[in-house]
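**Q**
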Amino acid sequence: MSDLFDLKVGYMNFSNPVAVASMAGITDSEFFENFLDAGLYILGGYSIDEATMNASAEIVKRGRKEFVSDNIFELMESELKKVSGRGVAIGLNVRATSVEPFVRAAELAKKYGAMLEINAHCRQDEMAAIGVGEIMLKDRVGLAKIVSEVKKTGVVLSLKMRSGVVDEVNLCRLLRKAGLDVVHIDAMGLRGANLNVIKRLRDGTDLFIIGNNSVKNYETAQAMLTAGSDMISVARAAMSDPRVIKGLAGYVADLQRQTGWYNAPSHICRGGDLRGLTWCCPPIKDCPIHSALNRANLDPEQFARIKIGFGKDTKLDKAHSTCFGSMIWCCKFNKPCYLRDDSMEGNRMDSKEYVALKKKLSEEIIKNIDKDKVIT
-2 MSDLFDLKVG YMNFSNPVAV ASMAGITDSE FFENFLDAGL YILGGYSIDE
48 ATMNASAEIV KRGRKEFVSD NIFELMESEL KKVSGRGVAI GLNVRATSVE
98 PFVRAAELAK KYGAMLEINA HCRQDEMAAI GVGEIMLKDR VGLAKIVSEV
148 KKTGVVLSLK MRSGVVDEVN LCRLLRKAGL DVVHIDAMGL RGANLNVIKR
198 LRDGTDLFII GNNSVKNYET AQAMLTAGSD MISVARAAMS DPRVIKGLAG
248 YVADLQRQTG WYNAPSHICR GGDLRGLTWC CPPIKDCPIH SALNRANLDP
298 EQFARIKIGF GKDTKLDKAH STCFGSMIWC CKFNKPCYLR DDSMEGNRMD
348 SKEYVALKKK LSEEIIKNID KDKVIT
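In the working numbering, the protein residues as written are -2 to 373.
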């Protein structure tokens, strides 16, 4: 499976796009043994300075689980040694009240080829009272300074955050400039995940996105990926039934083998993110493409030139029987179309080759969009 996906961030290589999210007091090296099929396993969250450790001790008194230790860095290194080199990428989720412990944790994570994850997600009262967790999102300048200092270590850096607290796109744009590599977003909605949050982050940033919230089966996983997540993470569902990770990893692997684009976007007219422009017809009639191009600050003529230029000398351009004389204007592979299918057959092109070219076309379109200026 490791050769099936090309999922890389810095020195991190993920065998598949299914992660186990950190759960304080739970996701340790022993729990890890249940998830050898995961693409990423995040240890923690760990409280790594005196103030956060005291807060963890108070949380334990209320009956919640936490990792409490007299020497937390010794514990983290011991855990990293136990899970490293096992074929699963590792993350380290941490909480602190100042930048120095984050830097020290980053150096430790990098030593073992792991990703560091800043916890700006926890909303326990004891943590909020000392300015840690979700409350950090409201101090964007302070958070950007932490990111900037931590990135000086060269660690692959993630931020675990909750949606609906601040403007996620504006914050992530700032943190991307400070050096952030990954956003691990808990896309909280009223009834399950708010997939529009994922779509906005996909359109408005170039961060690697780990989508989290209510991922528990094939349908919810597919929805999170289609919305624009590079990876999905599972927390409580994995605790109740560890087999869910193996099942999801197998499902996404099958999807990748069949299509070559496991997180292919929906059509723009079906609410897809800007990657879905690859499936669009020419912008000559009144349809949602004009709204999408406007949000992307992309002129319709420029969009057409990008598509036509990409299609030249490829099999996509050899399709005179299609609606617009070229498969650059054809729709998604799962939408029935005998004109497209006849052209593919005439060009001896299978579905996977068609999708591969459409994926490259999508990348070419996105390359011409300034994501900092996208209206989300």
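Using N, Cα and C, we set each Cβ at its ideal position, and we do this for glycine too.
(1) Alpha carbon to alpha carbon, how far is L222 from S263? Give it in angstroms, no decimals.
(2) In the DSSP output, what is R92 paired with across the bridge?
(3) Quick one, are the C-beta atoms of S390 and F330 less than 8 angstroms apart?
(4) Taking C-beta to C-beta, are L89 and E63 nearer than 8 angstroms?
(5) What number of angstroms, rounded off, separates the C-alpha of V212 from the C-alpha of V17?
(6) Can you check whether the CB of A293 is closer than 8 angstroms to the CB of I366?
(7) Which residue's Cα is closest to the Cα of V91: K78, I45 and L72?
(8) What ranges does the beta strand (DSSP E) occupy inside the segment 240 to 310, keeping only unbroken runs of at least 3 residues that lie completely in it?
(9) Apart from the five residues on each side of it in sequence, which residues of its chain come closer than 8 angstroms, Cβ to Cβ, to I23?
(10) Which whole-angstrom value is the C-beta distance of D183 and H118, which I expect to be below 8 angstroms?
(11) Do you know whose CA, among K157, S81 and P279, lies nearest D296's CA?
(12) Please report how far the alpha carbon of V153 lies from the alpha carbon of S145, in whole angstroms.
(13) Mapping the DSSP letters down to three states, classify S348 as helix, strand or coil.
(14) Measure from the alpha carbon of G128 to the alpha carbon of each residue in S95, I69 and M341, then state which is nearest.
(15) Going by beta carbon distance, what residues of the same chain come within less than 6 angstroms of F32, once the five residues before and after it are set aside?
(16) Is the Cβ-Cβ distance between T373 and G201 less than 8 angstroms?
(17) For S288, count the other beta carbons within 10 Å of its own beta carbon; 16 or more makes it buried, fewer makes it exposed. Which is it?
(18) In whole angstroms, what separates the C-alpha of D34 from that of I229?
(19) Here's the rule: buried if 16 or more other CB atoms are within 10 angstroms of the residue's CB, otherwise exposed. What is E76?
(20) How far does the beta strand (DSSP E) with N209 in it extend, from its first residue to its last?
(21) Can you name, in chain order, every residue of its own chain whose Cβ lies under 7 angstroms from the Cβ of N116, other than the five neighbours on each side?
(22) For D46, would you say it is in contact with chain B, using Cβ-to-Cβ distances shorter than 8 angstroms as the test?
(23) What residue does the beta strand (DSSP E) around E114 start on, and which one ends it?
(24) Taking DSSP as the reference, what is the three-state secondary structure of N10?
(25) Looking only at its own chain, which residues have a Cβ that is under 6 angstroms from the Cβ of S53, when we skip the five neighbours before and after it?
(26) Determine whether the beta carbon atoms of L40 and S19 lie at a separation below 8 angstroms.
(27) Spatial neighbours of T150 within its chain, please: CB distance less than 7 angstroms, with the 5 preceding and 5 following residues excluded, ordered by chain position.
(28) Identify every residue that forms a DSSP beta bridge with H181.
(29) Whole angstroms are fine: how far does the CA of S340 sit from the CA of T319?
(30) In this structure, how does DSSP classify L37 when only helix, strand and coil are distinguished?
(31) So, at 7 angstroms on beta carbons, what are the nonlocal neighbours of V194 in its own chain, with the 5 sequence-adjacent residues on each side left out?
(32) Determine the extent of the alpha helix (DSSP H) in which S237 is found, giving its start and end residues.
(33) May I ask which residues mark the beginning and end of the alpha helix (DSSP H) holding V144?
(34) Can F321 and E361 be called in contact, C-beta distance under 8 angstroms?
(35) Would you tell me roughly how many angstroms separate the C-alpha atoms of R233 and D338, rounded to the nearest one?
(36) With distances taken Cα to Cα, identify the nearest neighbour of R173 among E123, V147, G186 and A190.
**A** Per the coordinate set shown:
(1) Approximately 10 angstroms, taken between the alpha carbons.
(2) S44.
(3) Past the edges of the chain, shown from -2 to 373, lies residue 390, and the structure says nothing about it.
(4) Contact flag unset, no.
(5) Taking the Cα positions, V212 is about 11 angstroms away from V17.
(6) With a cutoff of 8 angstroms on beta-carbon distance, I366 and A293 are scored as near each other.
(7) Checked all of K78, I45 and L72; the closest Cα to V91 is I45.
(8) For the segment 240 to 310, not a single whole beta strand (DSSP E) run of length 3 or above is found.
(9) The residues are K62 and M236.
(10) About 6 angstroms; that satisfies the 8 angstroms criterion.
(11) Just measuring C-alpha positions, the residue of K157, S81 and P279 sitting nearest D296 is P279.
(12) Between the C-alpha atoms of V153 and S145 there is a straight-line separation of about 12 angstroms.
(13) Assigned with DSSP and collapsed to three states, S348 falls in helix.
(14) In terms of CA proximity to G128, S95 leads the group S95, I69 and M341.
(15) Excluding sequence positions up to five before and after F32, its CB lies within less than 6 angstroms of the CB of V17, Y38 and I242, all in the same chain and listed in chain order.
(16) One thing to note: T373 has its Cβ within 8 angstroms of the Cβ of G201.
(17) Under this definition S288 is an exposed residue.
(18) So the two alpha carbons sit approximately 14 angstroms from each other.
(19) E76 is buried by the Cβ-count criterion.
(20) For N209, the enclosing beta strand (DSSP E) stretches over residues F205 to N209.
(21) Once the five neighbours on either side are set aside, the close Cβ partners of N116 are G42, N90, V91, R92, G130 and K157.
(22) Of the chains in the structure shown, none is chain B; there is only one protein chain.
(23) Where E114 is concerned, the enclosing beta strand (DSSP E) starts and stops at M112 to A117.
(24) The DSSP-derived three-state label of N10 is strand.
(25) Cβ within range, chain order: S44, E63 and V65.
(26) A Cβ-Cβ contact shorter than 8 angstroms links L40 with S19.
(27) Close CB contacts of T150 within its chain, under the 7 angstroms cut and outside five residues either way in sequence, are with V100, A103, E104 and K107 (chain order).
(28) In the DSSP output, where bridge partners are listed per residue, H181 has K157 and I207.
(29) Rounded to whole angstroms, T319 to S340 spans 7 angstroms at the Cα level.
(30) Three-state result, L37: strand.
(31) Taken in chain order, the residues that qualify are S160, E165, I182 and A184.
(32) R233 to S237 is the extent of the alpha helix (DSSP H) around S237.
(33) Its alpha helix (DSSP H) spans residues R137 to K148.
(34) Cβ distance not < 8 angstroms, so F321 and E361 don't count as in contact.
(35) Computed Cα separation, rounded: 42 angstroms.
(36) For R173, the nearest C-alpha among the options comes from V147.
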